[in-house]
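Undergrad:
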Amino acid sequence: ADTGNLAKALELGVPVAGLSMLTPAETDSFGRMLPQHAIGRQSDSFGGLLRQYTPEAAPVLAAKGLPPTSSGAALEMRIVFRNWPRAGNQMQLHSAVVEAKGKTMRFRIWNVDPASGDCWIENEVVMAHFDMNTRKAYAAPPEYEAILNKHSIKGFVL
Numbered sequence: 015a016d017t018g019n020l021a022k023a024l025e026l027g028v029p030v031a032g033l034s035m036l037t038p039a040e041t042d043s044f045g046r047m048l049p050q051h052a053i054g055r056q057s058d059s060f061g062g063l064l065r066q067y068t069p070e071a072a073p074v075l076a077a078k079g080l081p082p083t084s085s086g087a088a089l090e091m092r093i094v095f096r097n098w099p100r101a102g103n104q105m106q107l108h109s110a111v112v113e114a115k116g117k118t119m120r121f122r123i124w125n126v127d128p129a130s131g132d133c134w135i136e137n138e139v140v141m142a143h144f145d146m147n148t149r150k151a152y153a154a155p156p157e158y159e160a161i162l163n164k165h166s167i168k169g170f171v172l
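Heads up, the sequence shown is in the numbering used here, so the first residue is 15 and it goes up one at a time.
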């Protein structure tokens, strides 16, 4: 199967949602990235991704009495480790919405090595729309779903 890579992410126009470098504290005794840090890095990137939609989405959410910045709570996650980053390796996370429907939205993430272009980790996440003030999931207004779905990227697969 074809795996994600930097060239394909750029070709598809998948936005950069995060940049980082792996530190020694985030590695196992063999110097490889610990899985929990891979999950954490990808989780941290969602804010960067969702903020890209805020100017368009904020008025729609506010009109429905929802916070002007959307948030999400992960319900399930599939992670495929293609390579194991080591301390000092850089990571560039490309992420985009795949689908928004009802109370959930699906995202994909390719964590790539910006130096070689190879993929470190591929990920798909199903998240609930989540109001951080009330601490409750909510069904997305159809107008907000339309905004998210408009930004979905065909060919951005796991």
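Ideal placement from N, C-alpha and C gives every residue a C-beta, glycine not left out. All values reported here derive from a predicted model rather than from experimental measurement.
From this set, Ala142, Ile135, Leu80, which residue's C-alpha is nearest Arg46's C-alpha?
TA: As a first step, residue 46 is located in the sequence shown; it is residue number 32 there, counting from the start. Residue Ile135 is the option with its Cα nearest to Arg46.
Undergrad: Roughly how many angstroms separate the alpha carbons of Met35 and Pro49, rounded to a whole number?
TA: In the sequence shown, the residue the question calls residue 35 occupies position 21. In the sequence shown, the residue the question calls residue 49 occupies position 35. Each residue's alpha carbon lies about 15 Å from the other.
Undergrad: What residue range is occupied by the uninterrupted beta strand (DSSP E) comprising Thr118?
TA: Numbered from its first residue, the sequence shown carries residue 118 at position 104. 118-126 is the extent of the beta strand (DSSP E) around Thr118.
Undergrad: Cβ atoms of Phe95 and Ser109: under 8 Å apart, would you say?
TA: Taking the sequence shown and counting its residues from 1, the one referred to as residue 109 is at position 95. Taking the sequence shown and counting its residues from 1, the one referred to as residue 95 is at position 81. Contact: no.
Undergrad: Mapping the DSSP letters down to three states, classify Arg55 as helix, strand or coil.
TA: As a first step, residue 55 is located in the sequence shown; it is residue number 41 there, counting from the start. In the structure shown, Arg55 sits in a helix (DSSP, three-state: H, G or I).
Undergrad: Only counting the same chain, and skipping five residues up and downstream in sequence, which positions put a Cβ closer than 7 Å to that of Ala142?
TA: Here residue 142 is taken as the residue at index 128 of the sequence shown, counted from 1. Hits under 7 Å: Gly86, Ala87, Leu89, Lys117, Thr118, Ala151.
Undergrad: By DSSP's criteria, Met146 is part of a beta bridge. Which residues make up the other side?
TA: On the sequence shown, residue 146 is found 132 positions in, with the first residue counted as 1. In the DSSP output, where bridge partners are listed per residue, Met146 has none listed.
Undergrad: Which of the three DSSP states is assigned to Arg96 in this structure?
TA: Here residue 96 refers to the residue found at position 82 of the sequence shown. Note: Arg96 maps to coil in three-state DSSP.
Undergrad: Do the segment 65-79 and the segment 151-164 meet, that is, are 3 or more Cβ pairs less than 8 Å apart?
TA: These segments touch.
Undergrad: Below 8 Å on the Cβ atoms is my contact criterion, and I expect Asn19 with Val126 to pass it. Report the Cβ-Cβ distance as a whole number of Å.
TA: Here residue 19 refers to the residue found at position 5 of the sequence shown. Here residue 126 refers to the residue found at position 112 of the sequence shown. Indeed they touch by this definition, with Cβ atoms about 6 Å apart.
Undergrad: Name the DSSP beta bridge partners of Ala110, please?
TA: As a first step, residue 110 is located in the sequence shown; it is residue number 96 there, counting from the start. BP columns for Ala110 point to Arg122.
Undergrad: Could you give the distance in angstroms between the alpha-carbon of Val105 and the alpha-carbon of Lys22?
TA: For the purposes of this step, residue 105 is taken as residue 91 along the sequence shown, with counting starting at 1. For the purposes of this step, residue 22 is taken as residue 8 along the sequence shown, with counting starting at 1. Here residue 105 turns out to be Met, not Val, going by the sequence shown. Straight-line Cα distance between these residues: approximately 16 Å.
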